[in-house]
Amino acid sequence: MAGTRTRNTGIDTDTEARVDPSTYGEAAGWHGRHGDIATLVVLVAVFLVAMTLAVWFRGEADGLRSRADTNNAALVNAQATAQVDSQISAALEIVYSYDFSSLDADEAAASEVVTGEFTEDYRALFAEVRELAPPQEAVVSAVVVNSAVKVLDGDRAQLVVFLNQRGTKGATDEEIAAPGRLTVTAERVDGQWKIAAVENR
Numbered sequence: 183m184a185g186t187r188t189r190n191t192g193i194d195t196d197t198e199a200r201v202d203p204s205t206y207g208e209a210a211g212w213h214g215r216h217g218d219i220a221t222l223v224v225l226v227a228v229f230l231v232a233m234t235l236a237v238w239f240r241g242e243a244d245g246l247r248s249r250a251d252t253n254n255a256a257l258v259n260a261q262a263t264a265q266v267d268s269q270i271s272a273a274l275e276i277v278y279s280y281d282f283s284s285l286d287a288d289e290a291a292a293s294e295v296v297t298g299e300f301t302e303d304y305r306a307l308f309a310e311v312r313e314l315a316p317p318q319e320a321v322v323s324a325v326v327v328n329s330a331v332k333v334l335d336g337d338r339a340q341l342v343v344f345l346n347q348r349g350t351k352g353a354t355d356e357e358i359a360a361p362g363r364l365t366v367t368a369e370r371v372d373g374q375w376k377i378a379a380v381e382n383r
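Per this note's numbering: the sequence shown = residues 183 to 383.
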């Protein structure tokens, strides 16, 4: 399907538990000594919900074909669609990754790829990361595994993205992988596509 891409990361994407900030450790199957692993995925807990990838993308492809609109550049302009997809996917991986040892650099990098209302949303979330990540020595990395540009209209676009996050804590072997589906509103600012809003849906 035009506007859709897939990456094979080897991460299990069959988890179907809804992520809840207050019960994340239970939803992910972490109990007892593993409960505090929830602090590794502050951004996941706020935004992400686990989904199955293949079934959704089959339905999405059928839906886009059935409601094709030549005014939607995502369906007719492959080059512009690829640019949105590439830049926003890279931006999401920056925004949803962090390392307790480089939080200043992480926040600075993210500030370059966000705009509008999401700028304040991100700052609020990252304030939590600054509080929780250092004591846990938390490192979280994000990878976009699937993405589809649904709408492209001038300097605005909407994408559906599947993002995997993997978090570790200190020198232990504790690790968690959390996949989720995001609906992303993107805006082109001075020639660069940036994240303007994010919903988990």
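A virtual CB, placed ideally from N, CA and C, is assigned to each residue, including glycine.
The continuous alpha helix (DSSP H) containing T301 extends over residues 299 to 318.
By the C-beta criterion, the segment 260 to 268 is judged not to be in contact with the segment 298 to 316, since fewer than 3 inter-stretch pairs fall below 8 Å.
Proximity of the segment 331 to 347 to the segment 369 to 381 meets the contact definition, three or more beta-carbon pairs being nearer than 8 Å. One thing to note: N346 has its Cβ within 8 Å of the Cβ of A324. For D335, the three-state secondary structure derived from DSSP is strand.
Of all alpha-carbon atoms in L334, G362, A320, the one lying nearest the alpha-carbon of T354 is that of A320. Under the DSSP assignment, E381 falls in the beta strand (DSSP E) whose first and last residues are 374 to 382.
For E294, there is no enclosing beta strand (DSSP E), as DSSP gives it neither H nor E. Assignment of beta-bridge partners to I358 by DSSP yields G349. Assignment of S329 by DSSP, reduced to helix, strand and coil, places it in the strand class. Cβ neighbours of A287 within its own chain (closer than 6 Å, five residues either side excluded): none.
Take V333, set aside five residues on each side of it, and the residues of its chain with a beta-carbon closer than 8 Å to its own are N254, A256, A339, Q340, in chain order. A straight-line Cα-Cα distance of about 10 Å links Y278 and Y304.
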